[in-house]
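With our numbering applied, the sequence shown corresponds to residues 1 to 305, in that order.
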Amino acid sequence: MNNIFDNSLEPYYTTDYGTAYLGDALELIKQLPDASINLIMTSPPFALTTKKAYGNADSGKYIEWFKPFAHEFWRVLKEDGSLVIHLGGSWDKGRPTRSLYHFELLLDLCRNSHEARFYLAQDFYWFNYAKLPLPAEWVTVQRIRAKDAVDPIWWLSKSPFPKADNRQVLNPYSEKTDKLLKLKQGQRGPSGHNSSLKFKRKLDGAIPPNLLYIANSESNSQYLCSCRKVGMRPHPARYPVELPKFFIEFLTDQDGIVLDPFGGSNATGEAAEKTKRQWICFELREEYLKGSKYRFRLPEESKDN
Ligand SMILES: C[S@@+](CC[C@H](N)C(=O)[O-])C[C@H]1O[C@@H](n2cnc3c(N)ncnc32)[C@H](O)[C@@H]1O
């Protein structure tokens, strides 16, 4: 459990590495000291701030809504820290065209005239192949659009050189590459390929691309099984733990502190706990935070169940 708050805010629960707080992130974050956080890893409630779908007018409101958070994120991040924002794309209401709100947010965060001006360290894309073919009208009824299966993830930073190390997130080599790497210097592979090529430099795995293949299809996780057991509805907009885990390992060391201001079911906290990083989670709705506890302990181990 971390202890970086200046005052004695009441935690909702704590674990070996983290603390979850119930409340409005905009209020809670003000209690955090300047430059105290290594990574903000989050998925903001993009569809919940305005009731209607995000057309141009609404996206303007979204950016206004986000601004005070952006200021606080900037303030609490360390100079070499990162802000990673997962935002599902959205469709315009009533027509088969895409909303631009997530691009507008990106431009605002990186080009605005106020103090909190971030760099786009890199754009990532999450290929979520388990996504449903929505909006049904355009995809499965009229068949005039493809299935939307990619979510953008903006990796933003306060400086052009945020802390990062891709050796911490290497992928296993494909069988073919592995065979090539095992060939002795100067030997030829099956295609007559010379194994002493430049790329042969032995690493412990392949450098990951910025397209992340992660299925959002957990069905037997401790979180889901526990929610079922106590008759609680799981959070409807979770990301898989593998997603924050990738960025946590890529962008922080073991002494890093990770904040998720829009914690939901606290998948970020679970990823940080697994990778032995300290974490802080804020969440506005108690039902979500209550369920999120089951990521760390079984219902029978919780006092309230
Ligand atoms: C997209 S969900 C996050 C889901 C999370 N990544 C997960 O995997 O479970 C966004 C969350 O932000 C919460 N939220 C919205 N406004 C908030 C605020 N002002 N302060 C704290 N949490 C807020 C919502 O209740 C919702 O649970």
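Beta carbons: idealized from backbone N, C-alpha and C, even for Gly.
Same chain only: Cβ atoms within 7 Å of residue i, ignoring 5 sequence neighbours per side
i: F127; result: A149, V150, L211, L212, Y213
i: A164; result: F250, L251
Simplified DSSP assignment, three categories, for residue i
i: S157; result: strand
i: P299; result: helix
i: A70; result: helix
i: T19; result: strand
i: Q31; result: helix
i: L212; result: strand
i: G330; result: Residue 330 lies beyond the stretch modelled for the chain, which goes from 1 to 305, so this question has no answer here.
i: R98; result: strand
i: T14; result: strand
i: Q142; result: coil
i: V169; result: helix
i: E242; result: helix
i: T252; result: coil
heavy atom of ligand 1 below 7 Å from residue i C-beta
i: A237; result: yes
i: R233; result: no
i: Y12; result: no
i: D24; result: yes
i: L83; result: no
i: L284; result: yes
i: G89; result: no
i: S265; result: yes
i: F262; result: yes
i: V43; result: It should be noted that the sequence gives Ser, not Val, for residue 43. Yes, since a heavy atom of ligand 1 falls inside the 7 Å radius drawn around the Cβ of S43.
i: Y288; result: yes
Residues near residue i in its chain [Cβ-Cβ closer than 6 Å; skip 5 each side]
i: C281; result: A20, D260, G263, N266, G269
i: S157; result: S82, Y119, A121
i: F247; result: M41, V84
Same chain only: Cβ atoms within 8 Å of residue i, ignoring 5 sequence neighbours per side
i: V169; result: P208, F246, E249, F250
i: E300; result: none
i: V139; result: P133, R145, A146, K147, D148
Fill in: Touch test, the segment 127-144 against the segment 63-72, Cβ-Cβ under 8 Å, three pairs minimum
no
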